[in-house]
Amino acid sequence: MRRLLLALLLGAPLLATAHAVGLPSELLADPAQEQRARAIGRELRCLVCQNQSIEDSEADLARDLRRIVRERVAAGENDAQVIDYVHARYGDFVLLRPPLNAATLLLWGMPVLALGGGLLAILLLRRRGAPPPPPPLSAEEQARLAALEEQAPR
Amino acid sequence: MIAEFGHFALALAFALALAQTVLPLWGVARGDARLMGAAAPLALGQLLACAAAFGALLTAFAVNDTSVINVVQNSHSAKPMLYKFAGAWGNHEGSMLLWVLILALCGGAVAGFGRDLPGVLRARVLAVLGLVALGFLAFVLATSNPFGRVWPPAPDGQGLNPVLQDPGLAFHPPLLYLGYVGYAVTFAFAVAALLEGRVDAAWGRWVRPWALAAWSFLTLGIALGSWWAYYELGWGGYWFWDPVENASLLPWLAGSALLHSAIVVEKREALKIWTLLLALLAFGFSLLGTFLVRSGVLNSVHAFASDPSRGTFILALLGIYVAGSLALFAWRAPAMAPTGLFAPLSREGALVLNNLLLCAMAAVVLAGTLWPMFADLLLDQKISVGPPFFNTAILPLVAPLLLAMAAGPLLPWKRARLWPVLQRLWWAALLAAGAVAVMLAFAGWRTGPALGFAAALWLIGGALADLTDRIALFRRPAAAWSRARGLPRAAWGAALAHGGLGLSLLGMAGMGLATDTLAALRPGATLNHAGYQWRLERLEDVAGPNWTARRATVTVLRDGAVVTVLTPERRSFPVAAGMTTTEAAIHTSLTGDLYAVLGEEQGDRAVLRVHHNILAPWIWLGALVMALGGALSLTDRRIRVAAPAPRSVLSAAGHGPDVSRPT
């Protein structure tokens, strides 16, 4: 725990255990399929790690999931089918891109919400914010100004 | 003795901070110039005390004093001296001490360089800084004393986490804290302005150097951390949207917005209220980051309970400072009359757009970072928010920001027309299109990198267009040199910073095209990747000061000619329970990195992963250029020669604070 905190506090992404190098035998022979399997793997969380995708982790679970993903890609499933398969077994927690539902509506709506709220605030401030024109000079000030203009060297 | 001396110095710093908070404010209230004048010497005294405490901790680490718990837990006699020192701030207690030292350094700088500030403002700023220091010194003394003793002394220390034993990480925390804590000064200026009920161009001019310095340090700190992750973690990534990274990105976003809106306050006396709010937010985010990182709420909600005293203490500090300052803001800000009219399409308007988008980005990052915690606590749902979310959600905000970023500096103040600006940018657009065409020719169509290259060249082109326009390079080439010399350094700095971001984007776009491959090789065997031949020469055991390693020697050839020899390692640290780290071997050139990582060995074969990371170094070079731009702006004459303060300040202060306002 102490080391975990330590890595955290130094601004380090959590890493303590995993340095994924992987094994060549894990890779799919077809480079296009391997590319797809990787893209899918980056969407899936290694459940026992801190915020690592299964592609980045060396944990056993991540290795198993990598194998499952590649098996299903090799079997000809499309990306959505593979992700759905893992999602159905491990729940929302496995998805690094949280699904859109009642619990994440605000989260996914945040870009629009923040932008809209900010725009609204700016418009309101602008409408309210037009400063009143300065009051016209009083007779006394007019006189002083005239006097100053008189004195001013040309 | 040295530990007790440090502990005593820390307690002394606490007492001085208390005096620094109370006396100047009392002086302002009573109109007593002598009490207000006490602020500066007290701030310098607090700096001395904090420096003594930090020196004591460094000494304890340097001599490996194993009767100090902190040394036992984080150091070892066999560690190289640099990491003995780095170990002093490579743990919770020591890094908090560094935090308060840097805060005291900022206070000392305000006291030392702020002689031209009006007396009341200076007293209030130093008092607020004293109040912030007070809270954190209390935190260190009460919950995180780095000077605790253990008896009997341990035979030797337990060592520092091996992945932290790296030069990049030794300097990462101090730079980051200089950024975080620098925003404490802009925060103090904002609170002082709220107390005074007044913001003017002079205030903007005093705040801007601090905003600039903090921003430059934070940029460097974040870049150094990202670079470290890139070469030390060994999987070739540079940004992971990790909660801790996000915690440092939040003050950076708010601070970037503050930097820009402070220009508007200084030049046009507009956006004052907004600038105050940003100054409060930037420091609020710094504190939030400190809380999130140190309480442990982020990696797991349950870790919070494991050290509740620290978490709740920082939460209380966060509440006091942020809620207190926001309440003050809500109370005083409406009284400040908005001034400085401008049309929506103008330099001011562009800077408002910049603020809007940066703040929206901060909101998205904040929501994404905290959502898993809220969903777990309030909705009892466990969800993950990772890079795919952040990349998707932030893109619609980044794209318009980058689009506007090239045009903004070309717009005139108050009222502008878009067409003349676009005319001056046509060749930047051409450059961007050219970059996409080049990428298409080399790598085929890839949406992400294409957008990245286009944005990068658009920004670099925009910065060049801004400079050539200001020095009239094409209109009056003969006078260009003298105009270039006469151009304010702030203008050079701004163009450098904008162009630097373009360079960083260039690297990120290149990384989008990076390729890697994995192979198990026998010594003597060759792997072909990215047009290079990677030949594994041999595997051997090597030993360092506190580690042993397995090292591979890989010769990289291109068309039969040797490009470089790489030696990736797997290091094992016996002191740290045999923990291993991967040391990636990297050959850096301006066109990209050749990157090799050594994996497991299977019989006589070794697993080797090699990457071709196109343009990767530009990510960090770009950040360096950005920070340089900030530093160059700092040397601008307008900032060095501070705004003249009315000479009558101190003498007038006797009649109450109102008369001493700068005019």
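The listed protein sequences correspond, in order, to chains A and B. Each number in this note's numbering comes from the position in the first sequence (counting from 1) with 5 added on. Each number in this note's numbering comes from the position in the second sequence (counting from 1) with 486 added on. Built from N, CA and C at the ideal position, the CB exists for glycine as well.
Chain D contact for residue i (CB, 9 Å cutoff)
i               : result
Gln38 (chain A) : Given the protein chain composition of this structure (A and B), no chain D is represented.
Min CB distance residue i to chain B below 9 Å
i                : result
Ile59 (chain A)  : no
Gly81 (chain A)  : no
Ile73 (chain A)  : no
Gln55 (chain A)  : yes
Arg50 (chain A)  : yes
Leu28 (chain A)  : yes
Pro140 (chain A) : no
Asp69 (chain A)  : no
Val99 (chain A)  : yes
Gly96 (chain A)  : yes
Leu124 (chain A) : yes
Leu150 (chain A) : no
Ser143 (chain A) : no
Supposed close pair residue i, residue j - CB separation, criterion 8 Å
i                 : j                 : result
Ala1038 (chain B) : Leu1094 (chain B) : 7 Å
Ala1092 (chain B) : Ala1006 (chain B) : 7 Å
Leu1120 (chain B) : Leu698 (chain B)  : 5 Å
Val614 (chain B)  : Val677 (chain B)  : 5 Å
Pro103 (chain A)  : Val871 (chain B)  : 6 Å
Ala572 (chain B)  : Ala489 (chain B)  : Rounded, the Cβ-Cβ distance is 19 Å, inconsistent with contact.
Thr545 (chain B)  : Leu617 (chain B)  : In fact, because the Cβ distance is near 30 Å, the residues do not count as touching under 8 Å.
Residue from the options with nearest C-alpha to residue i
i                 : options                                    : result
Cys536 (chain B)  : B:Gly986, B:Leu950, B:Ser581               : B:Ser581
Leu589 (chain B)  : B:Phe815, B:Asn840, B:Ala700               : B:Ala700
Gly121 (chain A)  : B:Val751, B:Ala846, B:Gln651, B:Leu521     : B:Ala846
Arg1057 (chain B) : B:Thr1050, B:Val1049, B:Val1051, B:Thr1066 : B:Thr1066
Thr1041 (chain B) : B:Asp952, B:Arg691, B:Pro510, B:Pro1009    : B:Pro1009
Asp1111 (chain B) : B:Tyr663, B:Trp978, B:Gly938               : For the record, residue 1111 (chain B) in the displayed sequence is Val; it is not Asp. For the residues B:Tyr663, B:Trp978, B:Gly938, the minimum Cα distance to Val1111 (chain B) belongs to B:Trp978.
Gly723 (chain B)  : B:Phe703, B:Ala995, B:Thr855, B:Pro1054    : B:Ala995
Gly985 (chain B)  : B:Gly948, B:Gly634, B:Arg1024              : B:Gly948
Leu989 (chain B)  : B:Ala918, B:Leu745, B:Thr1003, B:Ala964    : B:Ala918
Ala893 (chain B)  : B:Pro935, B:Ser832, B:Gln532, B:Thr798     : B:Ser832
Gly854 (chain B)  : B:Pro873, B:Ala980, B:Val838, B:Gln867     : B:Pro873
Lys868 (chain B)  : A:Arg47, A:Val99, A:Ile127, A:Pro141       : A:Val99
Ala67 (chain A)   : A:Arg50, A:Asp35, A:Arg77, A:Glu82         : A:Arg50
Gly720 (chain B)  : B:Ala981, B:Tyr1081, B:Pro1103             : B:Tyr1081
Gly1046 (chain B) : B:Trp1020, B:Pro820, B:Ala628, B:Ala715    : B:Trp1020
Trp817 (chain B)  : B:Gly517, B:Glu682, B:Leu534, B:Asn1014    : B:Glu682
Val1051 (chain B) : B:Asp1027, B:Val1028, B:Tyr1018            : B:Tyr1018
Residue environment, residue i, which counts as buried when at least 16 other CB atoms sit within 10 Å
i                : result
Pro632 (chain B) : buried
Asp69 (chain A)  : exposed
Met487 (chain B) : exposed
Phe675 (chain B) : buried
Ser143 (chain A) : exposed
Gly805 (chain B) : exposed
Trp637 (chain B) : exposed
Trp944 (chain B) : buried
Met522 (chain B) : buried
Helix, strand or coil at residue i according to DSSP, with G and I counted as helix
i                 : result
Phe1059 (chain B) : strand
Tyr1018 (chain B) : strand
Met1065 (chain B) : strand
Ser968 (chain B)  : helix
Ser561 (chain B)  : coil
Ile800 (chain B)  : helix
Leu917 (chain B)  : helix
Tyr724 (chain B)  : coil
Arg961 (chain B)  : coil
Gln57 (chain A)   : coil
Thr855 (chain B)  : helix
Glu48 (chain A)   : coil
Val685 (chain B)  : coil
Arg77 (chain A)   : helix
Gln38 (chain A)   : helix
Glu82 (chain A)   : coil
Thr1034 (chain B) : strand
Residue-chain proximity (residue i, chain A), Cβ-Cβ < 9 Å
i                 : result
Ser990 (chain B)  : no
Lys868 (chain B)  : yes
Thr798 (chain B)  : no
Glu1086 (chain B) : yes
Phe875 (chain B)  : yes
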